[in-house]
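Asker: Residue 103 in the UniProt record's numbering sits at position 103 of the sequence shown, and the numbers go up by one each step.
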Amino acid sequence: PPKGFKPVGCKWVYKHKLGVDVEVIAFKAILMAKGYNQWPGVNLEETYSFVAIAKSIRILLTIASWSDYEIWKMDMKTVFLNGFVEEEIYMDQLEGFTSIREE
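1. So does the stretch 2 to 21 actually touch the stretch 60 to 72, counting three or more Cβ pairs closer than 8 Å?
2. Excluding the five sequence neighbours on either side, which residues of its own chain have a C-beta within less than 6 Å of the C-beta of Phe5, listed in chain order?
3. Could you tell me the alpha carbon to alpha carbon distance between Val24 and Leu31, rounded to whole angstroms?
4. Determine which residues share a DSSP beta bridge with Leu18 and list them.
5. Does DSSP put Ile30 in a helix, a strand or coil?
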């Protein structure tokens with residue numbers, strides 16, 4: 001990384017996807033940055049997470065009730081999966097891998 005940038009670590013996260021009859025149908029491996037190792041003012045500027053205001057939810061449910069709409073509950077696990085990051089982020093290289101520049 002350039003001078004003044006501190007790289008964050010990374011780790012492998014392993015998951016498996018279950019089918020309807022609770023049998024494993026797929027294995028997944030994801031290389032994730034250890035964002036929890038960032039320090040404010042050093043390599044972390046600001047974090048923000050969208051949260052619905054309770055009053056807005058009540059208004060939405062009221063309108064749906066008056067209009068005789070069906071209400072469905074959904075859990076969005078991939079909401080921030082493809083978010084755009086404005087800052088440059090540098091991540092440490094995994095153990096066992098060598099850089100072409102270092103050879």
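From the three backbone atoms N, C-alpha and C, an ideal C-beta is built for every residue, glycine too.
Answerer: Let me lay it out:
1. Three or more Cβ pairs closer than 8 Å define a contact, and the stretch 2 to 21 falls short of that threshold against the stretch 60 to 72.
2. Excluding sequence neighbours, Phe5 sits near Tyr90.
3. Straight across, the Cα-Cα distance linking Val24 with Leu31 is about 21 Å.
4. DSSP lists Val24 as the beta-bridge partner residues of Leu18.
5. Note: Ile30 maps to strand in three-state DSSP.
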